[in-house]
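Protein chains in written order, with UniProt numbering: chain A, 1 to 561; chain B, 1 to 276. All C-beta atoms in this analysis are idealised placements derived from N, C-alpha and C, irrespective of residue type, glycine included.
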Amino acid sequence: MRVMAQVAMVMALDKCIGCHTCSVTCKQAWTNRAGTEYVWFNNVETRPGQGYPRRYEDQEKWKGGWELNRRGNLKLKSGGRLQKLFGIFASPVQPELDDYYEPWTYDYENLLHAPAGDDFPVARPKSLITGDDMKIEWSANWDDNLGGAPEMGHLDPIVEKVRKESEDKIKFEFEQTFAFYLPRICEHCLNPSCMASCPSGAIYKRSEDGIVLVDQDRCRGWRQCITGCPYKKMYYNHKSGKAEKCTFCYPRIEVGIPTVCAETCVGRLRYIGLFLYDADRVTEAAATPDERDLYEAHLDILLDPHDPEVLAAAREDGIAEDWLDAAQRSPVYKLAKELRVALPLHPEYRTMPMVWYVPPLSPVVDLLKDQGHDGEDADNLFGAIESLRIPVEYLAELFTAGDTEIITLVLRRLAAMRSYMRDIALDDEPDESIAEAVGMTGSQIREMYRLMAIAKYDERYVIPTAHIEDAHNLEEIGCSLDVDGGPGMGGMGQTGVFGEASGTPMPVAVENFNALQARQQGGDPTGNEKLAGRVNLLNWDGRGAPQGLFPPKDHEEGHSR
Amino acid sequence: MMQSAPVLLAAPAPEAVDVGVWDILLWGALPYIVLAIVIGGTIWRYKYDQFGWTTRSSQLYESRILRIASPLFHFGILAVLVGHLVGLVIPRSWTDAAGLSEHAYHIMALGIGLVAGFGTLVGIVMLIYRRRTTGPVFMATTKNDKFMYVMLVAALLTGLGVTIISVFDTTPVDYRQTVSPWFRSIWILQPDVQAMAASGIGFQTHALFGMALFAIWPFTRLVHAFTAPVHYLFRPYIVYRSRDSKDTAGMVPIRRGWEPIGTQDRARGSTRSRTR
Chain A
1 MRVMAQVAMV
11 MALDKCIGCH
21 TCSVTCKQAW
31 TNRAGTEYVW
41 FNNVETRPGQ
51 GYPRRYEDQE
61 KWKGGWELNR
71 RGNLKLKSGG
81 RLQKLFGIFA
91 SPVQPELDDY
101 YEPWTYDYEN
111 LLHAPAGDDF
121 PVARPKSLIT
131 GDDMKIEWSA
141 NWDDNLGGAP
151 EMGHLDPIVE
161 KVRKESEDKI
171 KFEFEQTFAF
181 YLPRICEHCL
191 NPSCMASCPS
201 GAIYKRSEDG
211 IVLVDQDRCR
221 GWRQCITGCP
231 YKKMYYNHKS
241 GKAEKCTFCY
251 PRIEVGIPTV
261 CAETCVGRLR
271 YIGLFLYDAD
281 RVTEAAATPD
291 ERDLYEAHLD
301 ILLDPHDPEV
311 LAAAREDGIA
321 EDWLDAAQRS
331 PVYKLAKELR
341 VALPLHPEYR
351 TMPMVWYVPP
361 LSPVVDLLKD
371 QGHDGEDADN
381 LFGAIESLRI
391 PVEYLAELFT
401 AGDTEIITLV
411 LRRLAAMRSY
421 MRDIALDDEP
431 DESIAEAVGM
441 TGSQIREMYR
451 LMAIAKYDER
461 YVIPTAHIED
471 AHNLEEIGCS
481 LDVDGGPGMG
491 GMGQTGVFGE
501 ASGTPMPVAV
511 ENFNALQARQ
521 QGGDPTGNEK
531 LAGRVNLLNW
541 DGRGAPQGLF
551 PPKDHEEGHS
561 R
Chain B
1 MMQSAPVLLA
11 APAPEAVDVG
21 VWDILLWGAL
31 PYIVLAIVIG
41 GTIWRYKYDQ
51 FGWTTRSSQL
61 YESRILRIAS
71 PLFHFGILAV
81 LVGHLVGLVI
91 PRSWTDAAGL
101 SEHAYHIMAL
111 GIGLVAGFGT
121 LVGIVMLIYR
131 RRTTGPVFMA
141 TTKNDKFMYV
151 MLVAALLTGL
161 GVTIISVFDT
171 TPVDYRQTVS
181 PWFRSIWILQ
191 PDVQAMAASG
201 IGFQTHALFG
211 MALFAIWPFT
221 RLVHAFTAPV
231 HYLFRPYIVY
241 RSRDSKDTAG
251 MVPIRRGWEP
261 IGTQDRARGS
271 TRSRTR
């Protein structure tokens with residue numbers, strides 16, 4: 001047994017309202033740069049829906065993740081090492097910009113400066129790739145809230161699969177369908193196929209906290225990781241020529257604060273904490289023959305932080321006491337293994353994902369309510385979970401490789417919590433038989449309720465800080481400003497001697513500082529220079545009156561009008 | 001510049017050729033200057049600009065043409081590389097000893113060389129066409145790239161040129177008696193200037209463009225070839241790396257007022273050190 005620690009996340013999908021705040025704040029923090037316009041480290045998908053990039057779950061097409069070869073060993077779905085090297089000159093199954101979308105901005109300048117005329121001036125969409133006028137046809141969440149589902153709903157690969165296997169059809173007519181939101185970040189897998197696909201070996205998993213990162217210095221832009229990742233959470237920065245991915249906000253995690261997406265989540269649906277896992281058994285677990293057993297195999301390598309044997313082994317492997325303490329208080333461990341209500345996303349990809357989900361009961365409750373039933377009555381809910389095959393099968397395809405038994409049990413537990421707690425809220429005697437019916441006790445249900453409904457900040461986020469004796473090695477501390485400008489957004493374009501993207505990389509904090517400054521004072525992203533130097537009020541931080549906050553006085557402008 | 005190459009397509013014996021000042025400069029001194037630039041430039045770029053060391057792939061913008069053109073070019077140029085190595089490194093006496101007749105050797109070299117050369121040429125023409133006509137790809141093309149393409153195509157065309165000329169020439173230059181000995185002599189630090197001087201203007205032009213291409217190599221996107229990921233075949237799939245062992249920026253002098261706070265090294269002055 002080799003014990004390692006991983007900072008992981010659980011998202012409770014019932015609480016997601018699909019507001020995209022996580023996506024927007026993540027983008028502001030990490031991918032608000034030239035070259036990453038289309039990159040969403042965090043995105044929120046309406047399911048059923050095609051996801052982002054379109055139909056990324058169709059692994060017959062995209063070849064992401066692992067599969068078992070004839071001898072039962074793990075093998076990259078996109079091919080062996082030699083095959084990958086031979087395909088390096090034109091990556092055979094890499095998504096193109098059309099599979100994401102062509103990023104754009106609007107020509108707001110025209111609204112201000114269009115000459116007087118009969119027509120109302122409009123802000124035309126301008127491509128951020130070519131700078132030309134463009135027709136907007138798709139985006140990262142074009143099918144938000146089931147938009148276009150009656151016409152395009154069948155394009156969801158899971159809908160396709162469930163339709164094939166089920167006698168009932170998933171319907172997209174209003175009032176007959178169901179929907180929920182699925183926020184996605186990088187899964188920071190235990191057995192990452194992006195890492196295995198990287199010819200340069202630039203992608204690594206941090207042994208301290210399990211965060212998967214791309215070494216920007218060692219990435220050579222072979223872009224095999226994009227094919228390798230079945231979740232398509234590897235992105236190619238088309239300006240720097242390097243792969244980029246969700247960083248789990250490691251500079252924040254290192255100092256004990258949650259990721260930006262979690263911090264800003266309106267529904268407070270994200271939980272961050274530690275898992276201890278047995279690194280020696282990861283490959284074996286990922287190679288479990290039946291993909292429906294992968295969930296159990298995964299749970300099996302997540303170690304019990306209260307087990308003295310595990311603790312002893314962990315100490316031997318150099319895990320500090322405060323980390324063990326955090327592991328014992330970990331909300332994600334509680335949800336995943338003690339309460340067994342959190343499930344991994346697409347375990348059948350065999351990457352051992354470490355961002356888990358509490359599946360949504362709301363499709364079932366909503367359908368019950370729409371039919372005029374009591375959506376909090378235990379019998380109604382249990383009956384509905386049994387009879388509403390479609391949502392259950394759909395969720396099973398997402399979270400349990402199609403095993404409806406596991407998903408049914410999880411949904412029944414969530415339903416039991418609703419009914420059990422309603423009795424308490426109404427000052428009735430709680431009905432212990434509800435808890436027993438789902439194999440739990442009343443106190444477990446209360447604990448689950450506490451965690452899922454009212455857990456405060458320090459219960460939802462139990463993040464031990466990186467060790468102070470390591471502090472001078474933390475990548476963000478003491479970020480040197482010795483290179484003015486630098487690459488990245490701050491200096492994209494004015495960088496090193498080899499043109500854009502060359503030179504030493506800038507610490508993230510410096511880059512963000514430059515980016516904010518550039519945005520506050522920058523002109524129009526399409527390159528229209530008239531507004532250059534003026535502060536964009538949308539980005540103004542509200543402090544003081546920076547230069548360019550007000551337009552220049554007339555005499556300064558030279559009486560242009 | 002080529003004043004000392006009096007004979008163009010005739011094939012005099014190397015001993016019969018006069019060696020001028022230009023010959024000494026071009027074939028005696030220049031190779032070492034180029035070598036110094038390639039080695040020094042590569043080391044310098046590796047230390048200074050790891051972040052810019054990438055293929056700068058444009059597949060995200062366009063992949064229809066790329067899918068055919070890029071493998072055609074790359075596999076072609078790899079074959080050309082192997083051909084050059086065989087032609088330049090293996091002495092004639094060795095192939096003679098192996099029982100390969102001069103005629104058979106040339107038929108083989110010509111056949112493979114022409115196929116590989118034309119494949120490479122067609123590939124790069126398609127790639128340049130794509131680069132020029134696909135808006136985003138053209139926008140992502142730097143001046144550095146354009147210069148590099150000129151040198152690359154020039155080296156390619158002159159190389160193909162001498163190969164084709166040698167087919168129709170009645171008195172062809174035997175590069176295995178001129179260029180190859182010169183190439184081998186470079187590495188033992190005793191450049192055989194006379195041999196190269198006798199090789200004729202075709203080979204000489206090709207050699208010059210080749211050296212120019214190598215001289216700019218470390219400073220262009222071509223560097224990605226130096227990190228061809230052969231080690232992928234041998235490395236373990238899963239890479240664990242400690243946060244601690246990461247050499248972030250090494251010893252970076254920190255400006256006054258920007259010293260890291262709260263670390264043990266604070267008192268030790270203005271250098272960020274990884275010592276513990």
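Bridge partner(s) assigned by DSSP for residue 26 of chain B: Start at 1 with the first residue of the second sequence, and residue 26 of chain B comes out as number 26. Its beta-bridge partners do not exist; DSSP assigns none.
Any 3 or more C-beta pairs closer than 8 Å across the segment 305-318 of chain A and the segment 366-378 of chain A: no
Beta-carbon contacts of residue 158 of chain B that lie in its chain and below 6 Å, excluding the five residues immediately before and after: Against the second sequence, residue 158 of chain B aligns to sequence position 158. Close CB contacts of residue 158 of chain B within its chain, under the 6 Å cut and outside five residues either way in sequence, are with 205, 206, 209 (chain order).
Counterpart residues of residue 236 of chain A in DSSP-defined beta bridges: Within the first sequence, the letter at position 236 stands for residue 236 of chain A. DSSP output for residue 236 of chain A lists A:243 as bridge partner(s).
Own chain partners of residue 278 of chain B with C-beta closer than 6 Å, once the 5 adjacent residues on each side are dropped: Outside the shown range of chain B, which is 1 to 276, sits residue 278 of chain B, and nothing can be said about it.
Range of the contiguous alpha helix (DSSP H) that encloses residue 282 of chain A: Reading the first sequence from its first residue, position 282 is the one you call residue 282 of chain A. Looking at the DSSP string, the run of the alpha helix (DSSP H) that includes residue 282 of chain A is 282-286.
Residue 488 of chain A versus residue 48 of chain A - alpha carbon distance: To locate residue 488 of chain A, count along the first sequence from 1; it is residue 488. To locate residue 48 of chain A, count along the first sequence from 1; it is residue 48. The predicted position of residue 488 of chain A is uncertain, since its pLDDT is 39 and thus under 50; a value taken from the coordinates is nonetheless stated next. Each residue's Cα considered, the two are about 36 Å apart.
Whether residue 185 of chain B touches residue 192 of chain B by CB criterion (7 Å): Indexing the second sequence from 1 puts residue 185 of chain B at position 185. Indexing the second sequence from 1 puts residue 192 of chain B at position 192. Yes.
The segment 21-28 of chain B in contact with the segment 188-196 of chain A per 3-pair CB rule at 8 Å: Result no; under three Cβ-Cβ pairs closer than 8 Å.
Per-residue burial, residue 32 of chain A [other beta carbons within 10 Å of its own, 16 or more giving buried]: Mapped onto the first sequence, residue 32 of chain A falls at position 32. Answer is buried; the Cβ neighbour count reaches 16.
C-beta neighbour in chain A for residue 125 of chain B, strict 7 Å: By 1-based counting over the second sequence, the position of residue 125 of chain B is 125. No, its Cβ sits nowhere closer than 7 Å to a Cβ of chain A.
Partners in chain B for residue 236 of chain A, counting only beta-carbon separations shorter than 9 Å: As a first step, residue 236 of chain A is located in the first sequence; it is residue number 236 there, counting from the start. Those are 57, 59, 60, listed as they occur along chain B.
Residues in the segment 208-224 of chain B having any Cβ partner in chain A nearer than 7 Å: 219, 224
Contact set between residue 53 of chain B and chain A, taken where Cβ atoms lie within less than 7 Å: Numbered from its first residue, the second sequence carries residue 53 of chain B at position 53. Chain A residues near residue 53 of chain B: 220.
Residue 269 of chain A to residue 240 of chain A span [Cα, whole Å]: Here residue 269 of chain A refers to the residue found at position 269 of the first sequence. Here residue 240 of chain A refers to the residue found at position 240 of the first sequence. One C-alpha to the other measures close to 34 Å.
Span separating the alpha-carbon of residue 366 of chain A from that of residue 42 of chain A: Here residue 366 of chain A refers to the residue found at position 366 when the first sequence is read from its first residue. Here residue 42 of chain A refers to the residue found at position 42 when the first sequence is read from its first residue. Their backbone Cα atoms lie some 27 Å apart in a straight line.
Bounding residues of the alpha helix (DSSP H) (the contiguous stretch that carries residue 18 of chain B): Here residue 18 of chain B refers to the residue found at position 18 of the second sequence. Taken as a continuous stretch (DSSP letters only), residue 18 of chain B belongs to no alpha helix (DSSP H), as it is neither H nor E.
Residue 217 of chain A at chain B interface by Cβ criterion, 7 Å: The count along the first sequence starts at 1 and reaches residue 217 of chain A at position 217. Cβ-Cβ to chain B under 7 Å: yes for residue 217 of chain A.
For residue 161 of chain A, three-class secondary structure by DSSP: In the first sequence, counting from the first residue as 1, residue 161 of chain A sits at position 161. Helix.
Amino acids of chain B, ordered along the chain, whose beta-carbon sits closer than 9 Å to that of residue 78 of chain A: For the purposes of this step, residue 78 of chain A is taken as residue 78 along the first sequence, with counting starting at 1. Within chain B, no residue comes near residue 78 of chain A; the closest Cβ sits about 13 Å away, beyond 9 Å.
7 Å Cβ cutoff met for residue 442 of chain A and residue 429 of chain A: Against the first sequence, residue 442 of chain A aligns to sequence position 442. Against the first sequence, residue 429 of chain A aligns to sequence position 429. Not in contact: residue 442 of chain A and residue 429 of chain A (Cβ atoms no closer than 7 Å).
Min CB distance residue 90 of chain A to chain B below 7 Å: Working through the first sequence from its first residue, we reach residue 90 of chain A at position 90. By this cut-off, residue 90 of chain A is an interface position.
Chain A contact for residue 82 of chain B (CB, 7 Å cutoff): Here residue 82 of chain B refers to the residue found at position 82 when the second sequence is read from its first residue. Taking Cβ atoms only, chain A never reaches closer than 7 Å to residue 82 of chain B, which makes this a no.
Status (buried if at least 16 other CB within 10 Å, exposed otherwise) for residue 83 of chain A: Walking along the first sequence from the start, residue 83 of chain A turns up at place 83. Exposed.
Three-state secondary structure assigned by DSSP to residue 543 of chain A: Here residue 543 of chain A refers to the residue found at position 543 of the first sequence. Residue 543 of chain A falls in the coil class under three-state DSSP.
Sequence-distant residues of its chain with Cβ nearer than 7 Å to residue 41 of chain B (five each side left out): Translated into positions along the second sequence, residue 41 of chain B becomes position 41. Excluding positions up to five away in sequence, the list reads 218, 219.
Residue 479 of chain A (DSSP reduced to helix, strand or coil): Locating residue 479 of chain A in the first sequence gives position 479, where the first residue counts as 1. Reliability fails at residue 479 of chain A, whose pLDDT of 43 lies under 50, so the model's placement of it is uncertain and no value is given.
Cβ separation of residue 186 of chain A and residue 214 of chain A, assumed to be a contact under 8 Å, to the nearest whole Å: Position 186 of the first sequence holds residue 186 of chain A. Position 214 of the first sequence holds residue 214 of chain A. Not really, about 10 Å apart at Cβ, beyond 8 Å.
Per-residue DSSP class, three states only, for residue 330 of chain A: For the purposes of this step, residue 330 of chain A is taken as the residue at position 330 of the first sequence. Coil at residue 330 of chain A, not helix or strand.
Sufficient close CB pairs (3 or more, under 8 Å) joining the segment 12-20 of chain A to the segment 269-288 of chain A: When Cβ pairs closer than 8 Å are counted between the two stretches, the segment 12-20 of chain A is seen to touch the segment 269-288 of chain A, the count reaching three or more.
Where the alpha helix (DSSP H) containing residue 84 of chain A begins and where it ends: Along the first sequence, read from residue 1 onward, the residue named residue 84 of chain A stands at position 84. Per DSSP, residue 84 of chain A belongs to the alpha helix (DSSP H) from 81-86.
Interface positions of the segment 274-307 of chain A facing chain B (Cβ-Cβ less than 9 Å), listed along the chain: Residues passing the 9 Å Cβ filter: 279, 282, 283.
Start and end residues, beta strand (DSSP E) containing residue 263 of chain A: Mapped onto the first sequence, residue 263 of chain A falls at position 263. Where residue 263 of chain A is concerned, there is no enclosing beta strand (DSSP E), although the alpha helix (DSSP H) it sits in stretches over 260-263.
Residue-chain proximity (residue 39 of chain B, chain A), Cβ-Cβ < 7 Å: Within the second sequence, the letter at position 39 stands for residue 39 of chain B. Not an interface residue.
Residues of its chain near residue 248 of chain B, where Cβ-Cβ distance is below 6 Å and the 5 sequence neighbours each way are ignored: Stepping through the second sequence from its first residue, residue 248 of chain B is reached at position 248. Note that residue 248 of chain B scores 44 on pLDDT, short of 50, meaning its location in the model is unreliable; the coordinates nonetheless yield the value given after this. For residue 248 of chain B, where only same-chain residues beyond five positions count, there are no Cβ hits under 6 Å.
Start-end ranges of the beta strand (DSSP E) lying completely within the segment 318-402 of chain A, minimum 3 residues: 355-358
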